[in-house]
Amino acid sequence: MSENQAWKEVSLIVDGSKAEEISDVLFCLGAVSVTYQDAKDDPILEPLPGEQKMWPTTVVIGLFEKGTNTDPVVSYLQHTYGDNLPIAAHDLEDRDWVRAWMENFKPIPCGQKLWICPSWCEVPDPNAVTVMLDPGLAFGTGTHPTTFLCLGFLDGLDLQGKNILDYGCGSGILAIAALKLGASQAYGVDIDPQALIASHDNAERNHVAERLTLSDGSNKEIPACPIVVANILAGPLAELEPNIASLCQSGGRLALSGILEEQAEEVIAAYQKDFNIDSTKSLEGWVLITATRK
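Each residue of the sequence shown is one higher than the one before, starting from -1 at the first, in the numbering used here.
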């Protein structure tokens, strides 16, 4: 061991197809953990169950024990993958990483009265409608523009006594928010078993589990609802239009998100047969499409 007792990081910028291979190599070289980061802000949402997607350009980061000499690690990587591979090695400051991670998440206002709040924070507005939600494995914490746009849509509706369907529920945030805003019953559909577990746990944490029915979509227990939200991706949204339309009551409201600005026209074209398009709203390159069932 060297005299420097700091934790060490070795990071590489690689083609996404090589990320898992590099991860295995880092573990073999002594890394205690390996993480991935997006190198070029390429969004990836909602992988299929068991599917491991990587960004086209991925940062692979290996964490090494305090005092490790990472020079041999860097030399091996350069010899194996070429000197032109961007590699960096540096000391990691010693700090409370759990607390530092928690500090990245703050209460988020979504509309006039709705707030999304991590469990370790207090909402500044005492009159707020609050959804307590901690960051986790399932997609949807309120910070992503697609989720934020859907939450704003729900906050602007009169949900009292109405049923709502959250198609592609992820963490359950939209269904739970609707219940907190006055909906009488919510239904959540997701093909990912992990998402259904997260939705149930989050609903229990927010004391609305008895009013949330969850399904993987393989059964027929989900009724048509007057309000439907679907925050997935443009391709699946277009393909699923007949199914989503069948689950929205005549005159019901629909909100679609997970759509990049350049994909909006494709999704609109898929839904115009069964819906009147009401509006589109953009945020940071993402689009929310709202419509009314014919």
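Built from N, CA and C at the ideal position, the CB exists for glycine as well. Just so you know, these numbers come straight off a predicted model, no measurement behind them.
Rounded to whole angstroms, the separation of the alpha carbons of lysine 104 and glycine 14 is 31 Å. In the displayed model, glutamine 270 falls within coil according to three-state DSSP, outside both helix and strand. With respect to the 8 Å criterion, cysteine 223 and isoleucine 275 are not classified as neighbours on the basis of their beta carbons. For isoleucine 20 and tyrosine 165, the gap between their C-alpha atoms comes out near 36 Å. If you draw a 10 Å sphere on the C-beta of alanine 243, you find 16 or more other C-beta atoms in it, and that means buried. Counting only runs that start and end inside the region 216 to 273, the alpha helix (DSSP H) elements of at least 4 residues fall at 232 to 237, 239 to 244 and 262 to 269. When rounded, the separation of the alpha-carbon atoms in isoleucine 11 and valine 32 is 13 Å.
Taken through DSSP and simplified to helix, strand or coil, lysine 160 comes out as coil. With three or more CB-CB distances shorter than 8 Å, the region 224 to 231 counts as touching the region 148 to 162. Annotation: aspartate 123 is outside any beta strand (DSSP E) and is labelled neither H nor E by DSSP. Contact between glutamine 261 and alanine 232 holds, with the beta-carbon distance rounding to 4 Å and staying under 8 Å.
When beta bridges are read from the DSSP output, proline 107 appears opposite Trp113. Distance from the CA atom of alanine 176 to the CA atom of glutamate 237, rounded to whole angstroms, is 26 Å. Between serine 197 and serine 169, the gap from beta carbon to beta carbon is short of 8 Å. When the beta-carbon positions are compared, threonine 145 and isoleucine 171 come within less than 8 Å of each other.
Distance between leucine 179 and serine 277, taken at the CA atoms: about 22 Å. Contact check for tyrosine 74 against threonine 56 fails: the beta carbons are separated by 8 Å or more. Leucine 254 is a Cβ neighbour of valine 265, given a cutoff of 8 Å. The alpha-carbon of valine 129 is positioned some 38 Å away from that of glutamate 63. Each of Asp132, Ala17 and Asn125 was checked against the Cα of tyrosine 79, and the nearest Cα belongs to Ala17. Cβ-Cβ separation between threonine 68 and lysine 6: approximately 5 Å, consistent with a contact (criterion under 8 Å). Nearest Cα to threonine 66 within the set Gly28, Asp36 and Glu91: Gly28. If you draw a straight line from the Cα of proline 143 to the Cα of tryptophan 284, it is about 7 Å long. In the assembly as shown, glutamate 263 is an exposed residue. Its beta-carbon has fewer than 16 other beta-carbons within 10 Å.
Nearest C-alpha to isoleucine 106 among Ile189, Gly150 and Asp190: Gly150. Sorting Leu147, Cys167 and Ala181 by C-alpha distance to the C-alpha of aspartate 156 places Ala181 at the top.
Bounds of any alpha helix (DSSP H) do not take in aspartate 89; it lies within the beta strand (DSSP E) bounded by 85 to 90. DSSP places glycine 150 within a helical segment (H, G or I) once states are collapsed to three. For valine 12, DSSP records a beta bridge to Thr56.
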